[in-house]
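Mind the numbering: the sequence shown is residues -2 to 126 in the working numbering, read in order.
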Amino acid sequence: MQPQVTETEIRVQSSKVDLGDTLPAHATESIQRLSSKYLGQLNNAAVHFNKDGTLFRCTVTMQMGSLAPMNGEAKDRDIYTAFNAALDKVAKQLRRTKRQLREDKPERTDKDALLRDGNHAATASDEEE
-2 MQPQVTETEI RVQSSKVDLG DTLPAHATES IQRLSSKYLG QLNNAAVHFN
48 KDGTLFRCTV TMQMGSLAPM NGEAKDRDIY TAFNAALDKV AKQLRRTKRQ
98 LREDKPERTD KDALLRDGNH AATASDEEE
């Protein structure tokens, strides 16, 4: 059985910025690589570039599966650096979400219950003496 390959929409847009040919290709490839690394089911993604004074502002939004959209924004003098920084912020959110969703994560023990059980065990051993 082969995994289903779905064509997801990755929009790369700009306001007041000429993106050229390589930046949209770089953005699309980076987002596809990131989505396959973490959760694998990319519904849609949007990258928006804007000129903010002397800096470039990049906003990356990704929707993975049934999760809430993840957003990252960064500013830099270099447009590629701004994109990579914004994508790193989204990657950090995805990494944390994946860690929370893991099924093999051990359950947390209730500290109050441990203290109560410890006190009961201590009083029971005192009564036996």
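We put the beta carbon where it would ideally sit given N, CA and C, even for glycine.
I'd like to check one pair, residue j with residue i: are the Cβ atoms closer than 9 angstroms?
i: Asn41; j: Thr94; result: no
i: Asp73; j: Phe53; result: yes
i: Leu64; j: Leu31; result: no
Under three-state DSSP, which class holds residue i?
i: Thr19; result: helix
i: Val87; result: helix
i: Leu64; result: coil
i: Asp75; result: coil
i: Lys48; result: strand
i: Gly69; result: strand
Over the uninterrupted alpha helix (DSSP H) stretch that includes residue i, give me the two end residues.
i: Thr135; result: With the chain running from -2 to 126 in the structure shown, residue 135 is simply not present.
Figure out for me which residue from the options has the closest Cα to the Cα of residue i.
i: Pro66; options: Lys48, Leu31, Val87; result: Val87
i: Ile7; options: Ile28, Gly17, Val14; result: Ile28
i: Ala79; options: Gln90, Thr51, Leu91; result: Thr51
i: Asp49; options: Ile76, Met61, Asn68; result: Ile76
Let me see if you follow: with CB-CB separation under 9 angstroms, is residue i close to chain B or not?
i: Arg96; result: Chain labels in this structure do not include chain B; a single protein chain is all it has.
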